[in-house]
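A.B. asks: Keeping their order, the protein sequence lines are chains A and B. Position 314, counted from 1, in the first sequence is what this note's numbering calls 333; the numbers after and before it change by one each time, with no gaps. Position 158, counted from 1, in the second sequence is what this note's numbering calls 168; the numbers after and before it change by one each time, with no gaps. My questions all concern the structure below.
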Amino acid sequence: MFWRKKDKSVNEPIVEIQERPKEQHPIEPVAVVEVQDAVTEQAIIQDELVLAQAEDEVETYESAAITAKDVEVHEVEIAQVELEPVVLPKRSLTKGIRSLFSRIKFDLENLEELESVLIQADFGVDASEAIVAEVKSRAKKSGAETEADLRLILTGLLTEKFGRDDRALKLDSGIQPYVILVVGVNGAGKTTTIGKLANWLTQGGAKVTLGAADTFRAAAVEQLETWATRSNSEIVKPTIEGQDPASVAFESAERAIASQSDVLIIDTAGRLQNKQGLMDELGKIRRVIEKNLAISEVLLVLDATTGQNALAQAKAFTEVANVTGIVLTKLDGTAKGGIVYSIQEQLDIPVKLVGIGEGIDDFGFFDASEFAIGLVGES
Amino acid sequence: MFGNLSERLVETFKNLRSKGKLTAADIDATLREIRRALLEADVALEVVKNFIAAVRERALGDEVSKALNPAQQVVQIVQEELVAILGGEQRRLSFAKNPPTVIMLAGLQGSGKTTLAGKLAKWLKDQGQTPILVACDLQRPNAVNQLQVIGERVGVPVFAPEAGNGVGNPVTVAKDAIKHAKQKQFSVVIVDTAGRLGIDEELMKQANDIRKATDPDEVLFVIDSMIGQDAVNVAKAFEEGVGITGVVLTKLDGDARGGAALSVAQVTGKPIIFASTGEGMEAFEPFYPDRMASRILDMGDILTLIEQAQKSFDEDQAREMAEKMAKDAFTLEDFLDQMQQLRKMGSIKNMLAMMPGANKLKNQLENIDEKEIDHTEAIIRSMTIKERKDPKILNGSRRLRIAKGSGMTVTDVNSLVNRFEQAAKMMKTMSRGGNPGIPGMPTGLAPMGRPQAKKAKGKKGSKSGNPAKRAAEAAGIELPKTDKGGSAFGLGG
């Protein structure tokens, strides 16, 4: 769930906010609240500005800052008028994950079966063994007997293991534009993810610029351009064919600053993590962006159908690009994406988003308990 | 983190070293490791289960208990079974009697269909065919565009009447494409389709409709080699929903072990025809089952090595040799014998290069001088039989004669004799200590790496005068450091 303005025709924010008090979230701290918050505030400021202009035609940053402070007083009530909760297509997240236990009976004598089931969900041998051992010991402690009991234990365990409080996109530093760098292997779904994310942000009122730094794959730029149109975002394209992706990233940063975008999302070419040259290129892209802007999020896009190699991917990409979050795509298929369990355990990287289809709205925010319930099924 | 299979098998086999035979429990321990390795390589669980059962049956049979190195034999059975599944029905692309040959590509989103279409087109074109690409992915944004760019790159025309991005009917396009190809006399039609999920009934039906409309000679199922356990579900869905005739494995240039290949081959029973191995349009090759089997097991080409060793060596002879060594009856003649047998296996360099982890040893391998072995051989050959059997009788004039006969110097001869005596002593110790040596290889040669390695340490890097030993030394010093598996030629057991 996230919050956005009721009035969809949002004007572009003309004021850059230097400092934004964080403690004034009027609503529950859900993943994306921060960014929406920022946008809302800007919109509010702007409304105020219009008033201010009418009164004494002041339009400087200083006055804006003052106005912003004034606004804080009215914030709560205005926010309540302005905001409406937008529920993401939740159904598809739980619907997307098919229960593990369609075929087997799940009882104490049959816990080896649980191991098999977890392995089949790509949790990997080690993690599966560890989970089964933990379920066993918890079942012993609590004296669980029925299948329902065991399911509850497993759901609880998975929720616990997947649960963490840093799933929100960290778009809250107040220094805009926020930069989201999107990386991953070929065919993971980077461009599609960017399209969805951009659309979601612009719907919330943010001004989004896309940087087409995948200059390698045939028609990748055009594909991103299609998404830019669909999502109402701006796009920065390479000016010559096969341009150095780092230079496109650099220009994107400059343009995003110039156009006062709220968020800059940079698409990169798919690269297999064992290709050192391409991985170095990614490091360069990162450094070049950081000349102008701080990178808020580096999202690694992982195909949920990927097996144990996903761990190697996460390791390698984290090394060069300092991944801050995982986007797990294609969860609408039969794959479960269990490998993210090990990724989170071993590399401490949270899953932030999930992709559940090719449509522009087909994504959601990862939710540990939803995911666990989805996997284990209703008891 | 996990260590590769070779390393773990070495662990498993450690306690087997003193035993000559494998018990059922030993075999099960080995198979557990192999099971784990297969699962970590993403072979689907149900496939692993059937596979292990089949291997177990064979492993408990006669062929293992009679083998010189039973543990190694188990691994070889695994390899053979893997190859059997992967390459059971290895075949080439089939062409229509009356052109055009129609090839339809199908698979999940992001598996690499469009790129593959380009590679396939180029490959066919290079073989003198006149292919045409058909853009039936009207769903993904700019997929049509992408195919057009690719077509341009490889110089193959693209039939794309619809702009795509959700507009147009792929079945109609496919139908029209066949007409078009017949008219313009293209010899092969490659139909690129949209990525779809196996559970998406509507899209699977559409794929089936494209199939019906084009009556393809090949329906190639394109699958990402990084795919995990879901490979079986996906493969089943496409086999049932569309009906496939062959498989193409993509992104094999990554470092995924590619167990999916086994799952898909097993579940569909359809051959894997091609492997796609890079981003360039030429990175495309026929599928090699044996390479894939080794890759899944993560064992280098060690099994090729075993195979060669087994071809070249007579197991009884090897036993005899081991006994001789234990009894201190190991002579220069035996040594010559061994060297010749080693030679039968091909060059030492190539042999070592097949070891797991060998690519880390490239420098050391470069230093091995095959000529030194020739020299040693020449020296021994210049001795009389009596001299070879009892080097103690070698006095000054005999040594001079040998040096002249072999074209070497007396110093070389002295050095060889000295090294041989030292080595023989050491081998004696080693074989009493129950060192297993190289499987399938005369035990005498195998331990050379180790004793020599020790010696080298003591001498601070001086090289052995015995070229064969020196060669082993070069490898022996490094192998244990870089790759445990190498120390015992992979498996030690």
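Even for Gly, the Cβ is constructed at its ideal location relative to N, Cα and C. Keep in mind it's a predicted model, so treat the numbers as computed, not measured.
Could you tell me the distance, in whole angstroms, from the CA atom of G296 of chain A to the CA atom of S286 of chain B?
C.D. replies: Looking at the two C-alpha atoms, the distance is approximately 20 Å.
A.B. asks: Taking Cβ-Cβ distances below 8 Å as the criterion, which residues of the region 128–141 of chain A are in contact with chain B?
C.D. replies: The region 128–141 of chain A vs chain B, Cβ under 8 Å: S135, I138, Q139, A140, D141.
A.B. asks: By DSSP's criteria, F382 of chain A is part of a beta bridge. Which residues make up the other side?
C.D. replies: F382 of chain A is bridged to A:G374.
A.B. asks: Can you check whether the CB of S250 of chain A is closer than 9 Å to the CB of T211 of chain A?
C.D. replies: Contact flag unset, no.
A.B. asks: When we look at the beta-carbon of K222 of chain B and count the other beta-carbons within 10 Å, is it buried (16 or more) or exposed?
C.D. replies: Label assigned to K222 of chain B: exposed.
A.B. asks: Between the alpha carbons of F482 of chain A and L347 of chain A, how many angstroms are there, rounded?
C.D. replies: The structure shown does not extend to residue 482 of chain A, since chain A spans only 20 to 398, so no value can be given for it.
A.B. asks: Between L272 of chain B and chain A, is any beta-carbon pair separated by less than 9 Å?
C.D. replies: So, not an interface residue.
A.B. asks: Tell me whether F294 of chain B sits in a helix, a strand or coil according to DSSP, three-state version.
C.D. replies: It is a strand residue.
A.B. asks: By DSSP's criteria, I254 of chain B is part of a beta bridge. Which residues make up the other side?
C.D. replies: Beta-bridge pairing links I254 of chain B to no other residue.
A.B. asks: Please report the straight-line C-alpha distance between R284 of chain B and A247 of chain B, rounded to a whole angstrom.
C.D. replies: One point to set straight first is that residue 284 of chain B is Phe, not Arg, in the sequence displayed. If you take the alpha carbons of F284 of chain B and A247 of chain B, they lie about 21 Å apart.
A.B. asks: Rounded to the nearest angstrom, what separates V257 of chain B and S192 of chain A at their Cα positions?
C.D. replies: Roughly 49 Å separates the two Cα atoms.
A.B. asks: For V166 of chain B, which of helix, strand or coil comes out of DSSP?
C.D. replies: Of the three classes helix, strand and coil, the one that applies to V166 of chain B here is coil, per DSSP.
A.B. asks: Based on the DSSP output, what are the partners of A140 of chain A in its beta bridges?
C.D. replies: In the DSSP output, where bridge partners are listed per residue, A140 of chain A has none listed.
A.B. asks: Please name the residue in B:Q86, B:K381, B:K132, B:L55 whose C-alpha comes closest to that of E131 of chain A.
C.D. replies: Checking every option, the nearest Cα to that of E131 of chain A belongs to B:L55.
A.B. asks: Relative to the alpha-carbon of W246 of chain A, which residue among A:E148, A:Q365, A:S280, A:G208 has its alpha-carbon at the smallest distance?
C.D. replies: Among A:E148, A:Q365, A:S280, A:G208, the Cα nearest to that of W246 of chain A belongs to A:G208.
A.B. asks: With E166 of chain A as the anchor, note down where its alpha helix (DSSP H) starts and where it stops.
C.D. replies: Its alpha helix (DSSP H) spans residues 166–181.
A.B. asks: Indicate the three-state DSSP secondary structure (helix, strand or coil) for P299 of chain B in the structure shown.
C.D. replies: In the structure shown, P299 of chain B sits in a helix (DSSP, three-state: H, G or I).
A.B. asks: Where do the ends of the alpha helix (DSSP H) carrying D36 of chain B lie?
C.D. replies: 34–50 is the extent of the alpha helix (DSSP H) around D36 of chain B.
A.B. asks: Can you pull out the residues from the region 137–159 of chain B whose beta carbon lies closer than 9 Å to at least one beta carbon of chain A?
C.D. replies: The residues in question are Q149, R150, P151, N152, A153, V154, N155, Q156, L157, Q158, V159.
A.B. asks: Assuming T278 of chain B is part of the beta strand (DSSP E), what are its boundary residues?
C.D. replies: Element bounds for T278 of chain B: not the beta strand (DSSP E) but the alpha helix (DSSP H), 270–278.
A.B. asks: Please confirm whether G241 of chain A has its beta-carbon closer than 9 Å to some beta-carbon of chain B.
C.D. replies: One detail in the question is off: residue 241 of chain A reads as Glu in this sequence, not Gly. It does: the Cβ of E241 of chain A has a partner Cβ on chain B nearer than 9 Å.
A.B. asks: Since I237 of chain B and T258 of chain A are thought to touch, with beta carbons under 8 Å apart, how far apart are those beta carbons, to the nearest angstrom?
C.D. replies: That pair is no contact at about 37 Å.
A.B. asks: Of all the options B:V84, B:Q139, B:S392, B:T203, which has the alpha carbon lying nearest to the alpha carbon of E43 of chain B?
C.D. replies: Closest option to E43 of chain B, Cα to Cα, is B:V84.
A.B. asks: Would T245 of chain A count as contacting chain B if we go by Cβ distances under 9 Å?
C.D. replies: By this cut-off, T245 of chain A is an interface position.
A.B. asks: Enumerate, from N- to C-terminal direction, the unbroken alpha helix (DSSP H) stretches of 4 or more residues contained entirely within the region 183–230 of chain A.
C.D. replies: List check, alpha helix (DSSP H) in window: 209–222.
A.B. asks: With a cut-off of 9 Å, does the C-beta of M236 of chain B fall near any C-beta of chain A?
C.D. replies: So yes, M236 of chain B belongs to the interface.
A.B. asks: Measuring only between beta-carbons, confirm whether D38 of chain B sits less than 9 Å from chain A.
C.D. replies: With 9 Å as the cut-off, D38 of chain B does not count as an interface residue toward chain A.
A.B. asks: Can you give me the C-alpha to C-alpha distance between Q327 of chain A and Y360 of chain A, rounded to a whole angstrom?
C.D. replies: Between Q327 of chain A and Y360 of chain A, the C-alpha separation is close to 11 Å.
A.B. asks: Quick one: using the 10 Å Cβ neighbour count with 16 as the cut-off for buried, is L410 of chain B buried or exposed?
C.D. replies: L410 of chain B is exposed by the Cβ-count criterion.
A.B. asks: Taking 8 Å as the cut-off, does the region 207–221 of chain B touch the region 191–199 of chain B (at least 3 CB pairs, one atom from each stretch)?
C.D. replies: With a cut-off of 8 Å, the region 207–221 of chain B and the region 191–199 of chain B do not count as touching, because too few Cβ pairs lie within range.
A.B. asks: Please classify N152 of chain B as buried or exposed, where buried requires at least 16 neighbouring CB atoms within 10 angstroms.
C.D. replies: Buried, by the Cβ-count rule.
A.B. asks: Are the CB atoms of L148 of chain B and A204 of chain B within a distance shorter than 9 Å?
C.D. replies: The answer is yes: Cβ separation under 9 Å.
A.B. asks: Determine the closest residue to K160 of chain A out of A:A149, A:G143, A:I172, A:A167, with distance taken between C-alpha atoms.
C.D. replies: Closest option to K160 of chain A, Cα to Cα, is A:I172.
A.B. asks: Compile a chain-ordered list of the residues in the region 43–69 of chain B whose CB is closer than 7 Å to at least one CB of chain A.
C.D. replies: Of all residues in the region 43–69 of chain B, R46, L49, E50, D52, L55 have a Cβ within less than 7 Å of some Cβ in chain A.
A.B. asks: Where do the ends of the beta strand (DSSP E) carrying S286 of chain B lie?
C.D. replies: Note, S286 of chain B: beta strand (DSSP E), 282–286.
A.B. asks: Please name the residue or residues paired with E228 of chain B in a DSSP beta bridge.
C.D. replies: DSSP output for E228 of chain B lists B:I113 as bridge partner(s).
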